[in-house]
Structure formats: structure tokens, C-alpha cells
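Right, one structure below, let's go through it.
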Amino acid sequence: MAGGARKADDALPTEWPTAQVASGTAHVSCQADYTTEDGDGVPLQSLAFFSVVDALSPCQKGGVLRLRYQGKIAADFTDLVKRVADIADRMGIHKRILDLDSAGGQVEDAIRAGDAIGASGWTIWVREGSVCHSACVFVLGAGDNRMISGKVGVHRIIRMSSTATTRSELNEELRGVYDRVKDYLSRNGVAVAVADLMMTVPNRRLRLLSKDELQEYGLDGTNAAQDDLDRLQLMRRCGADFVNRRDAFMRSFDAECKTAGAGLDEMQACGLELRGRFQFPDAKCPADSPLSEFDRLADVETAPEDAASAPGPEAGTAH
942 MAGGARKADD ALPTEWPTAQ VASGTAHVSC QADYTTEDGD GVPLQSLAFF SVVDALSPCQ
1002 KGGVLRLRYQ GKIAADFTDL VKRVADIADR MGIHKRILDL DSAGGQVEDA IRAGDAIGAS
1062 GWTIWVREGS VCHSACVFVL GAGDNRMISG KVGVHRIIRM SSTATTRSEL NEELRGVYDR
1122 VKDYLSRNGV AVAVADLMMT VPNRRLRLLS KDELQEYGLD GTNAAQDDLD RLQLMRRCGA
1182 DFVNRRDAFM RSFDAECKTA GAGLDEMQAC GLELRGRFQF PDAKCPADSP LSEFDRLADV
1242 ETAPEDAASA PGPEAGTAH
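Each residue of the sequence shown is one higher than the one before, starting from 942 at the first, in our numbering.
See the structure below:
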């Protein structure tokens, strides 16, 4: 662990109780590309303050982290995303990818995790071979941007703590849950029709959503609620031309790169090639350009070579 990283965090936060990842497995990578030999990076089980600091420290230079999570959506998953985002904020790691593979879990935990994700700037992936089912869909809905190659499915919510003995009692009990779910979906720019669809699918079954349905319900691509805020901020920071080019890029990306059966690596390669058509990366706002997390990685990888090839100082030059 580099001393500089811990020096930036002189004191522990006031509330950081003991916790660990127990409902699944978590890995931290400083690369957006999961096809390299580093794969999903280093495991993260302990959520102690300095354990999270140590896991994220290598990502500080490049400013990119990818959190791979495979498992249930439960209270420890909420702790995981909150604590990783907390340390990422302290370290200035602003490009954050949540790489999900989850068959679901507790709705209440998913909503709590989603609210934390929505407030801390995550892109969410469901890559090929991965799934996002049931309560995981609420987490998916909270991302600033969503890239999906795996399977996304929904079914009826059931409360294992229910004391209902009749259908009417159960429906009355669930009505309050669904009201919360609809409010959550609405504030995250997801169609409340997702909740209505869930009500019609028995808990023991699964209704997979098609590509068209994912986009129609607001679960794929740019989060509509976040996009409104981003557009205003980008307009002020980068100008109208940048925003118009970014919008045109996203439309072309959806049409040309999100083809049926394409893996995330294929979508990303397509997007990187597509960027040149819209003059990205942008000279004025490179960090705000589409897929800029790949540019940050390239900068870090080439920096040592650039430094080695730079001419040495002339004799007598002061530094």
C-alpha cells in the first residue's frame, strides 16, 4: 500500500462498522477491459476501511475502477457499493463501473443500494454470461448508463417474512411494497410499467426482457433522469456542439453497436471505432467524451514509455 494513498485519509470516517462481502464475491479491477490477463482484478471480501483503500489505491492514477460482483443482492452488497464509492470519492476515481451478475435478492436492499448508486455516478454492466434477475433489476435501473449483453429478467416480488394467510391479505401487504418500488423506478427514470409486469409473473417463473423492452422501459443505455442533469452540466462545461455530437454518437452506438448477441467487449470496440466519426475524444472535454474510461487506461499505460523517451535536462538547468 502506497503511503500517499493513506495520507489522503488521515482519519477513519465516523461510522465504518465491521462488514464483509458474504452474499457473493467481489473483485476490483483498474481496467474497463475484462478480457486482459488481469481479468476481474483482485478479490475484495473485507469491507474494513483500509481493506477498501488498499484495493482501490492502484486505480487512483488511472481514475478508473471496475467492481465485479457475483451474488445475491443483500445488505452486504449495499455496504459494498457505498464503501467503494466513498473511497473512490476520496481518491478522485470518477469513472466507476459496476459489473453485475446476480439472480436477485431482497427488494429493500436493492432499493437502498440503488439509491446509493444513483448518487455516486456508476455505469452498470451485465455482460455476456451474466444475469440480472428479480431485485437486481432495481440496481440496474439506478446506473447513470447501462450496457447489457447478458440476460435481464423479472418476476413477482415475494416477502419471505409475510404473515398473510389469504390472497387479499398478501395483495394488501404487497401493495405498500409496490408503491415504494414504483416511486423508486420513477425517480430513476425507469418506466413504472416494470412493476406492473412483475405483478403478472409468478415468483417461481422468470420473464426475460428483450433488447427492445429494456430500452422501452429505460433499463438499457443512458439513464433518462440522469441524462437531463448531465446535459445541463455538459452544456455549461463543454458547449452545445459537444452535447449535440454526444447525442448523435449515442444514437449511432445504439443502432450500430448494440446488435443481437454482441458481447460487451464487441460493443465497446465498436464504440471506440465509432467515436472518430463524431470527433471524440474531444480536445476541450476529453474526460466527458463517450467511453473515456478507455482513454484514461491508455494514458496510464503509455505514460512510462513517454517519460523514458523524454529528453533529459540540459546541464546547469534548474528544477
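All C-beta atoms in this analysis are idealised placements derived from N, C-alpha and C, irrespective of residue type, glycine included. Just so you know, these numbers come straight off a predicted model, no measurement behind them.
Ranking 1152, 1148, 1211 and 1234 by CA distance to the CA of residue 1044 puts 1148 first. Under DSSP, residue 1073 forms a beta bridge with 1043 and 1093. Taking the Cα of residue 1184 as reference, the smallest distance to any Cα among 1195, 1229 and 1075 is reached at 1229.
Taking the C-beta atoms as reference points, residue 1061 is found no nearer than 9 Å to residue 1015. A direct Cα-Cα distance of roughly 20 Å separates residue 1152 from residue 1189. Along the length of the region 1183-1219, whole beta strand (DSSP E) runs at least 3 residues long do not occur.
According to the DSSP assignment, residue 1019 belongs to the alpha helix (DSSP H) that extends over 1016-1032. Beta-bridge pairing by DSSP links residue 1163 to 1086. Within its own chain, the residues whose Cβ lies closer than 7 Å to the Cβ of residue 1205, once the five positions on either side in sequence are excluded, are 1066, 1068, 1069, 1088 and 1090, listed in chain order.
The count of Cβ pairs closer than 8 Å, one atom from the region 974-983 and one from the region 1002-1021, reaches three, so the stretches are in contact. For residue 1138, the uninterrupted alpha helix (DSSP H) run begins and ends at 1134-1140, by DSSP.
Proximity to residue 1161 across 965, 1084 and 1058 peaks at 1084, based on C-alpha coordinates. For residue 1065, the secondary structure class from DSSP, reduced to helix, strand or coil, is strand. When the alpha-carbon of residue 1231 is set against those of 1047, 1202 and 1193, the nearest one is in 1193.
Setting aside the 5 residues that flank it on each side, residue 1035 is surrounded in the same chain by 1004 and 1062, each with a C-beta closer than 7 Å to its C-beta; the list follows chain order.
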